Amino acid sequence: MMVSERAQEQLERLWMAEEDGSAGLSRSEYSIDVMRELQGGGQVVIDAETWKLTDSGRKEASLAIRRHRLGEVLFANVLNEDQQKIDDQACRLEHVLFDGLDESICTLLGHPRNCPHGKAIPPGECCREMRSHQAAAIASLIELKPGQSGQVAFIQMGTSGRLEKLMAMGVLPGGSIKLLRASPTFVFESGYSQFAVDEEIASGIYVRREL
Ligand SMILES: [Zn+2]
Ligand SMILES: [Zn+2]
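Have a look at this one:
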C-alpha cells in the first residue's frame, strides 16, 4: 500500500524504536494524524498507550529502512560524500530507490550489511540469494583456512574507512589473495605484500575460492 512520505518516515521511526529495543513511541514523539493514517492502513496498532507496528507495517518499514541505509552506503562509498551531506540527502534518496532498484544498488555495493552509521541494513532477496548460492564459492576471509587462496571478489566497506585504505594499498577486487594466519590477527598475502588485519576488516574481504 502507498503511504504518504510523512507516514513512511513515521513507520521508519517506529521500526528504529524497535531496533533500539524501546517499547514504542510515546505520545510526544508522533503526529496523531499520521498515526491515524497508518492505523487506517493496518500498519500500526495502539497498545497500552504506545503505537506498535503490525506485521505488515513492520515489513513496509523494513523496506523503507533498507532503501534509506542503502542510499547512505551509495552516497558514502560510491559518491564519496561526507557524513553531513549524506544525512541531508539519504531521506530523499530512499524515495527514489523504489523496489527492484534497491536490489541492483545492493548488488552493485556488494550486499552491504551496515550503513555508514554502523546500523544493520535489512537484507533483501538479493542478499539472501547471494548468501546461499554463492556461499560455497565466495566466502569472507575469516571463513578461509590458512593456506587457502583465491581472488578478491568484493570488499564490503565498514564504518572505519580502514577498508578503503586497504584498497588504496592494492587489495582490490580481482586481485589474488592467500590467507597465511587466522585469528586473532588475520595475516594474508596479496600481490607482493603481506597484510595483518583484525577480524572486523578480514570479515569484510570476500574471496572467490580456488576450488
Ligand atoms: Zn545510517
Ligand atoms: Zn543484496
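Residue numbering for the sequence shown follows the working numbering, beginning at 16 and increasing consecutively. Just so you know, even glycine gets a beta-carbon here, dropped at the ideal spot from N, CA and C. As the structure is a prediction and not an experimental result, all values here were calculated from the model.
DSSP state of Ala150 mapped onto helix, strand, coil: Note on Ala150: pLDDT 49, under 50, position unreliable in the model; the coordinate value appears next. Ala150: coil per DSSP, three-state reduction.
Three-state secondary structure assigned by DSSP to Ile136: Per DSSP, reduced to three states, the secondary structure at Ile136 is coil, with no helix or strand assignment.
Any 3 or more C-beta pairs closer than 8 Å across the segment 132 to 140 and the segment 191 to 199: Look at the beta carbons and you see the segment 132 to 140 not touching the segment 191 to 199: under three pairs across the two are nearer than 8 Å.
Which residues DSSP lists as bridging Ile2, in chain order: Nothing about residue 2 can be reported from this structure: the residues present for the chain run from 16 to 226 only.
Inter-residue spacing [alpha-carbon to alpha-carbon] between Val186 and Gly36: Going by the C-alpha atoms only, they are around 38 Å apart.
Test item, CB below 7 Å from any non-hydrogen atom of ligand 2: Going down the chain, each residue whose beta-carbon is closer than 7 Å to a heavy atom of ligand 2 shows up: Glu118, Cys121, Thr122, His126, Pro138, Gly139, Cys141, Cys142, Met145.
Cβ neighbour criterion (16 or more within 10 Å) applied to Tyr207: By the 10 Å Cβ count, Tyr207 comes out exposed.
The segment 54 to 67 / the segment 154 to 174 touching (three or more Cβ pairs under 8 Å): Using a C-beta cut-off of 8 Å, the segment 54 to 67 makes no contact with the segment 154 to 174, since fewer than three inter-stretch Cβ pairs fall below that distance.
Distance between Glu20 and Asp117 (C-alpha atoms, nearest Å): When only Cα atoms are considered, Asp117 and Glu20 end up about 18 Å apart.
Length of the line joining the Cα atoms of Asp97 and Leu53: About 34 Å.
Three-state secondary structure assigned by DSSP to Val212: Residue state, collapsed to three classes: strand.
Which residues DSSP lists as bridging Tyr234, in chain order: Outside the shown range of the chain (16 to 226) lies residue 234, about which nothing can therefore be said.
Residue of His83, Val18, Ala91 minimising C-alpha distance to Gly72: Minimum Cα distance to Gly72 is reached at Val18.
Counted within 10 angstroms of its Cβ, other Cβ atoms place Gln171 as buried (16 or more) or exposed: Buried is the label assigned to Gln171, since at least 16 other Cβ atoms lie within 10 Å of its Cβ.
Coarse secondary structure for Asp4, derived from DSSP in three states: Because residue 4 is not part of the residues shown, which for the chain are 16 to 226, the question remains open.
Buried or exposed by the 16-neighbour rule on C-beta atoms within 10 Å, applied to Ser41: So Ser41 ends up on the exposed side.
Nearest neighbour of Tyr45, chosen from Phe210, Gly219, Glu27, Gly56 [CA to CA]: Across the set Phe210, Gly219, Glu27, Gly56, the C-alpha of Glu27 shows the shortest separation from the C-alpha of Tyr45.
Close Cβ partners of Gly125 (< 6 Å) along its chain, the five nearest in sequence each way excluded: Counting only Cβ-Cβ distances below 6 Å, and skipping sequence neighbours, we find Phe169, Gln171.
Minimum C-alpha distance to Leu89 - residue among Lys74, Gln99, Ile120: Of Lys74, Gln99, Ile120, the residue nearest in Cα terms is Ile120.
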